[in-house]
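Structure first, then comments.
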Amino acid sequence: MHPENADSREIRQRPHEMLEGMDLPNGWKVVQRIDQPKDSTGGSFSCGYIVEHADGRRGYLKAFDFYSGMMNSPDPARVLQPLLESFNFERDLLDKCRERRLSRIVLALEHGAVQVGDAAHPASTVQYIIFELAEGDIRHQLDSVVDFTPSWALRVLHHVAVGLRQLHGIGVAHQDLKPSNVLQFENRTSSKLADLGRAAERGKQPPHYAVDFAGDRGYAPPEYLYGAGSPLSWEQKRLGCDIYHLGSLLCSLFTTVGMTPMIMLGLDPSLYWQNWRGPYEDALVFLRPAFEDAVQYVEGELPSNLRNTLGSVLRQLCDPDPQRRGHPLDRAGMGSPFGLERYISLFNRLAVEALFQITRIP
Amino acid sequence: MSALTDDPKRRTVPRWRTFRESVSLGQLDLHAAKLSKPLPDIGEVEKAAKAWEQHNTMGFAGDLLGKASVIGKAALAHEAASWVLEQPDSPRSLRRLAYRLTGQSVASEDIGEAVPLARAEERHARIHSLRRRLNQSPLDAATWIDLARAYVVHGQADKALQPVRNALSLAPLSRFVIRSAVRYFLHTDDAQRARTLLTMCVRTSSDPWLLAAEVACGSVLRRTPHFAKRARAFVAERKVSPKHLSELASAVATLELESGSHRKARQLFALAMLDPTENAVAQAAWATRQDPRIEVPRVAFSAPRAYEAQSWSHLHDQLWDEVVGAADQWLRDEPFSSRPAAFGSWAALIVEGNFEKAVAFSEAGLAVHHLHPMLLNNLAVAFADLGRVDRASNELNKIQGYALDPRTLTAVTATRGLLCFRAGQVERGRNLYRDAVELALRHGDRLAATFALLHLAREELARDEQAAGRILEETSEQIQRLSVLERQLAIRFTAVSGLDRFAVARRVG
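This is the structure in structure tokens:
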């Protein structure tokens, strides 16, 4: 095919893909592009770069492309609006996290815009956010016999629980906690929560929450898959989802599989969420036995000294009924039924015990 | 002597299976329109597949397989699943997921257990494991029902009441829970409570499975079902799939049959057979024995777990070697019911001449129905034939003091004759057999009279062949008056008991 006849959209590089080597304001320099699949944020596209600051700090830059989807649309404003709203929502949230110095959240170091090419063209302005640079997510460590130890897994859980607690403290629910969103720092001894693009903030309605659940369906709590999201309170929906995800992460850390697929494994295909047509109360009748099967299966893969404790934690965190999720003492008391303090101290204690191998039960 | 007992009035009462079995038979899925709106597809599986291609590690494979299994894009994870299965050290959970996604069976690694019923220790172990499970998961209504069923199977129906109550309070609208509870109350002869449960439930009028149960309960109580009109309308509307309508159509057909509307009954049974449940097939097969014009298509007998219908069908088709096997399956499917045990022990004695099997059937039934007269009788016959006359006498003596229906009384009287023969009291034995024949004929029960005579002939055969021949001559008159099936059964028994050496037996055959 002659180059002149080729589809210009295929061969033209989009502005947000052209940042390599550029100097950014405030002393940052774009060093290297990292391949990034289609971004999950509201259908917009993004790509990632490694950036370095003049003072030696390194960061991860996420550059956004809002305009390519708009160009071919008959109603560009309607396409653009939710993308910009989502971006602004995440950026504001990251600012809020930074202001509150949330130590277990991957924070934005900077955000801004840079001109690429023709300044008169709106698409030439590339919005970006620079995050702390991580060593990778925890999926890398799940199958390594050397790297994976119970104490490491428990420390990850501890740090993630702290991160969730910090978010909940400022009225934010993460909603998309999964192994790929738990990033590792400091030679993989420290974990932080990343990607607030799907988060929910009390009193705000970002565009991605036109649906009940905007996170990854592969890790979605069963009430979202089976359609029980609407009648629940904000806490039950959002905080309940987060603590389910925390339990699911526990499951992933020790088995490589999240809780939702484990539950699905115990279900007859006729009862899969895609085929289910009834109310959620009816679904609970078959989800409960499948859930108990899943927990017992996970317990079989846990170290024997942690089996009973973590089995109970899983039952509390991932209960299929969001109204029965959380620690029983928190549910019975005056505090938040979705409080994480008990789990934070439990994971911390277990991590320390596992590290020094001073567990009482051999 | 054992006697064949058929239900004079069979109803489409709900089957009571374990939760897992009920799910596998598709009895929990709903017929209504989908309520929930689907979550948007944001390309999670595609992203995970791309990440796995880049990294090729177990952590990424777990991410991809999990998403593919939940979201349903198995093809994208096929390669990763195969890779996981090739790795010798892949985690067990991930292997299960990989098996599921590649369409391979996970039965060998599946959770849960088969249902061992043969021994009391196994039944007790099942109860123990369910209780332990409920300690961990006390809100699990389905497991409470499974526990109740395990108690009933263990012969402790009274202990099952609290688990049934617990399940009803946890899931008062669940079809599985309500139907199981209804069956429990019917089992404990509390049909009124079963009916009240159904009439009070807000969902009964809109759920064909619950409507079918309500119609059956009304029939058990000999009252017009509360929802009879609604049930008829539901069937007439045909708004739900034939599978969901099968049991209800069968229940309404039985109502029509009872009220003499045979034409309507035939039409409704035909509707019930479009995509039948095994209960509907068994009901239609029973109805065929009442009205031969009701047709059950052959294909219906291959419905999953149609063991009851198959037992009777094999009997009618003279597939003698198949009858006891089907009855065994039926008993495993409904271990708390006396009917498969009574049928199986009778078939083992009469059709197969297998006394050990007859003992097994009878003992399995007696574990639940401790003093069931026909099961005690069959057990006594089997022990007598195995040469354990004292044990046989003990079992038969347990029947004393119970009011028996004529056919059971005939069988018990004949069995007493058998025991006298085996104890050397020949004359008393003859008299008792003659009493049994007389009793049967007095009630117009030619089949029982014939079998009493055949059993007498069998006992005489060991002592006096000529006497046995004379009795067979006498029996041949009775045999001629039997229906085709009954005649075939009598002839089968002559073969099983060695009486077919006589010319008269061969002539009748």
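Residue numbers (this note's numbering), protein chains in the order written: chain Y, 1 to 362; chain R, 1 to 509.
All C-beta atoms, glycine included, are put in the ideal place defined by N, C-alpha and C.
(Q) Looking only at its chain, what residues have a beta carbon closer than 6 Å to the beta carbon of Val13/R, apart from the 5 residues adjacent to it on each side? (A) Residue mapping note: residue 13/R aligns to position 13 of the second sequence, counting from 1. Once the five neighbours on either side are set aside, the close Cβ partners of Val13/R are Leu186, Ala216.
Q.
Taking only three categories from DSSP, how would you classify Lys50/R?
A. On the second sequence, residue 50/R is found 50 positions in, with the first residue counted as 1. Reduced to three states, the DSSP call for Lys50/R is helix.
Item checked: Buried/exposed call for Pro257/Y, threshold 16 Cβ in 10 Å -> By 1-based counting over the first sequence, the position of residue 257/Y is 257. Reading off the sequence, residue 257/Y comes out as Val, not Pro. Buried, by the Cβ-count rule.
Checklist entry - How many angstroms separate the CA atom of Phe355/R from the CA atom of Leu386/R? => result Taking the second sequence and counting its residues from 1, the one referred to as residue 355/R is at position 355. Taking the second sequence and counting its residues from 1, the one referred to as residue 386/R is at position 386. Each residue's Cα considered, the two are about 7 Å apart.
- Message: Would Ser180/Y and His159/Y qualify as a contact pair, given that the criterion is a beta-carbon distance under 8 Å?
- Response: Along the first sequence, one-based indexing puts residue 180/Y at 180. Along the first sequence, one-based indexing puts residue 159/Y at 159. No, these two residues do not count as a Cβ contact at 8 Å.
message: For a cutoff of 8 Å on Cβ pairs, would you count Pro337/Y as touching chain R?
response: The residue given as residue 337/Y occupies position 337 in the first sequence. Not one chain R Cβ lies under 8 Å of Pro337/Y.
### Query
For Asn348/Y, does the three-state DSSP call read helix, strand or coil?
Stepping through the first sequence from its first residue, residue 348/Y is reached at position 348. It is helical.
Report the partner residues of Trp28/Y according to the DSSP bridge assignment.
What you label residue 28/Y is simply residue 28 of the first sequence in a count that begins at 1. Per DSSP, His53/Y.
Taking the alpha helix (DSSP H) that Ser86/Y falls in, what are its first and last residues?
Here the question's residue 86/Y lines up with position 86 in the first sequence. Its alpha helix (DSSP H) spans residues 76 to 99.
- Item | Alpha-carbon spacing of Phe347/R relative to Arg442/R, whole angstroms | Sequence index remark: in the second sequence, residue 347/R carries index 347 (1-based). Sequence index remark: in the second sequence, residue 442/R carries index 442 (1-based). Checking the sequence, you will find Ala at residue 347/R rather than Phe. Cα to Cα, Ala347/R sits roughly 25 Å from Arg442/R.
Secondary structure of Phe291/Y, DSSP reduced to three states: Taking the first sequence and counting its residues from 1, the one referred to as residue 291/Y is at position 291. If DSSP states are grouped into helix, strand and coil, Phe291/Y belongs with the helices.
Please classify Arg33/Y: does DSSP put it in a helix, a strand, or coil?
To locate residue 33/Y, count along the first sequence from 1; it is residue 33. Under the three-state reduction of DSSP, Arg33/Y is assigned to strand.
Exercise. Using a cut-off of 9 Å between C-beta atoms, extract the partners of Asp242/Y located in chain R.
Key: Taking the first residue of the first sequence as 1, we reach residue 242/Y at position 242. Here the premise fails: no neighbours, minimum Cβ distance about 17 Å.
Worksheet entry | Residues of the stretch 133 to 145 of chain R whose Cβ lies closer than 7 Å to any Cβ of chain Y, in chain order | Contact annotation: in the stretch 133 to 145 of chain R, residues whose CB is within less than 7 Å of a CB in chain Y are Arg133, Gln136, Ser137, Leu139, Asp140, Ala141, Ala142, Thr143.
Beta-carbon contacts of Leu287/Y that lie in its chain and below 6 Å, excluding the five residues immediately before and after:
Residue numbering aside, residue 287/Y sits at position 287 when the first sequence is read from its first letter. Taken in chain order, the residues that qualify are Pro222, Pro320.
* Asked: Are Leu193/Y and Ile105/Y close, meaning C-beta to C-beta below 8 Å?
  -> Against the first sequence, residue 193/Y aligns to sequence position 193. Against the first sequence, residue 105/Y aligns to sequence position 105. Between Leu193/Y and Ile105/Y, the C-beta gap is smaller than 8 Å, which places the two residues in contact.
Does the beta carbon of Met70/Y sit closer than 8 Å to a beta carbon anywhere in chain R?
Along the first sequence, one-based indexing puts residue 70/Y at 70. By this cut-off, Met70/Y is not an interface position.
Return helix, strand or coil for Arg104/Y, following the three-state DSSP convention. Taking the first sequence and counting its residues from 1, one reaches residue 104/Y at position 104. Here Arg104/Y sits in coil by DSSP.
ask   = Excluding sequence positions up to five away, which residues of its chain have a Cβ less than 7 Å from the Cβ of Ala449/R?
value = Here residue 449/R corresponds to residue number 449 of the second sequence, with the count starting at 1. Within the same chain, Ala449/R has close Cβ partners Val437, Ala440, Leu441, Gln478.
Q | C-alpha distance - Ala141/R paired with Thr125/Y, whole-angstrom precision | A | Position 141 of the second sequence, counting from 1, holds the residue named residue 141/R. Position 125 of the first sequence, counting from 1, holds the residue named residue 125/Y. C-alpha of Ala141/R to C-alpha of Thr125/Y: approximately 58 Å in a straight line.
ask   = What does a CB cutoff of less than 6 Å around Leu315/R pick up in its chain, not counting 5 residues either side in sequence?
value = Your numbering for residue 315/R matches position 315 in the second sequence. For Leu315/R, where only same-chain residues beyond five positions count, the Cβ hits under 6 Å are Val323.
task = Could I get the ranges of all uninterrupted alpha helix (DSSP H) runs contained in the stretch 80 to 162 of chain R, with 4 residues as the minimum, in chain order?
result = As far as the stretch 80 to 162 of chain R is concerned, its whole alpha helix (DSSP H) runs of at least 4 residues are 92 to 101, 120 to 136, 141 to 153.
Q.
Between Cys201/R and Leu210/R, how many whole angstroms is the CB-CB distance? I'm expecting something under 8 Å.
A. In the second sequence, the residue the question calls residue 201/R occupies position 201. In the second sequence, the residue the question calls residue 210/R occupies position 210. That pair is a contact at about 7 Å.
Item to complete: Measure the beta-carbon distance from Gly417/R to Tyr433/R and round it to whole angstroms, keeping in mind my assumption that it falls under 8 Å.
Response: Taking the second sequence and counting its residues from 1, the one referred to as residue 417/R is at position 417. Taking the second sequence and counting its residues from 1, the one referred to as residue 433/R is at position 433. That pair is a contact at about 4 Å.
Should Met58/R be flagged as near chain Y, meaning a C-beta pair shorter than 8 Å? Reading the second sequence from its first residue, position 58 is the one you call residue 58/R. So yes, Met58/R belongs to the interface.
Excluding the five sequence neighbours on either side, which residues of its own chain have a C-beta within less than 6 Å of the C-beta of Trp312/R, listed in chain order? Locating residue 312/R in the second sequence gives position 312, counting from the first residue. The residues Ala285, in chain order, have a CB closer than 6 Å to that of Trp312/R in the same chain once the five nearest residues on each side in sequence are set aside.
So, at 6 Å on beta carbons, what are the nonlocal neighbours of Asp293/Y in its own chain, with the 5 sequence-adjacent residues on each side left out?
Here residue 293/Y refers to the residue found at position 293 of the first sequence. Excluding sequence positions up to five before and after Asp293/Y, its CB lies within less than 6 Å of the CB of Gly266, all in the same chain and listed in chain order.
Pro225/R and Glu214/R: beta carbons closer than 8 Å? The residue given as residue 225/R occupies position 225 in the second sequence. The residue given as residue 214/R occupies position 214 in the second sequence. For Pro225/R and Glu214/R, yes; Cβs fall inside 8 Å.
* Asked: Just reading off the alpha helix (DSSP H) that Glu214/R is part of, what are its end residues?
  -> Numbered from its first residue, the second sequence carries residue 214/R at position 214. Judged by DSSP secondary structure, Glu214/R falls within the alpha helix (DSSP H) whose first and last residues are 208 to 220.
(message) Check for me: the beta strand (DSSP E) holding Leu61/Y runs from which residue to which?
(response) For this step, residue 61/Y is matched to residue 61 along the first sequence. Element bounds for Leu61/Y: 58 to 65.
query: Can the beta-carbon of Thr415/R be found less than 8 Å from the beta-carbon of Asn377/R?
result: Taking the second sequence and counting its residues from 1, the one referred to as residue 415/R is at position 415. Taking the second sequence and counting its residues from 1, the one referred to as residue 377/R is at position 377. In terms of Cβ geometry, Thr415/R and Asn377/R form a close pair [threshold 8 Å].
Practice problem: With 9 Å as the limit, tell me which residues of the stretch 199 to 213 of chain R have their beta carbon closer than that to any beta carbon of chain Y; keep them in chain order. | Solution: Hits within the stretch: zero.
Q: Would you mind stating whether Ala384/R and Phe361/R have Cβ atoms separated by less than 8 Å?
A: For the purposes of this step, residue 384/R is taken as the residue at position 384 of the second sequence. For the purposes of this step, residue 361/R is taken as the residue at position 361 of the second sequence. Pairing Ala384/R with Phe361/R gives a Cβ-Cβ distance that is not under 8 Å.
Between Ala173/Y and Ala200/Y, is the Cβ-Cβ spacing less than 8 Å?
-> Position 173 of the first sequence, counted from the first residue, corresponds to residue 173/Y. Position 200 of the first sequence, counted from the first residue, corresponds to residue 200/Y. Cβ distance < 8 Å, so Ala173/Y and Ala200/Y count as in contact.
Pull up the DSSP beta-bridge partners for Glu132/Y, would you. Taking the first residue of the first sequence as 1, we reach residue 132/Y at position 132. In the DSSP output, where bridge partners are listed per residue, Glu132/Y has Gly59/Y.
Using 8 Å for Cβ pairs, my map puts Val70/R next to Gly218/Y. What's the rounded Cβ distance? Working through the second sequence from its first residue, we reach residue 70/R at position 70. Working through the first sequence from its first residue, we reach residue 218/Y at position 218. Beta-carbon to beta-carbon, Val70/R and Gly218/Y are separated by about 5 Å, close enough to satisfy the 8 Å threshold.
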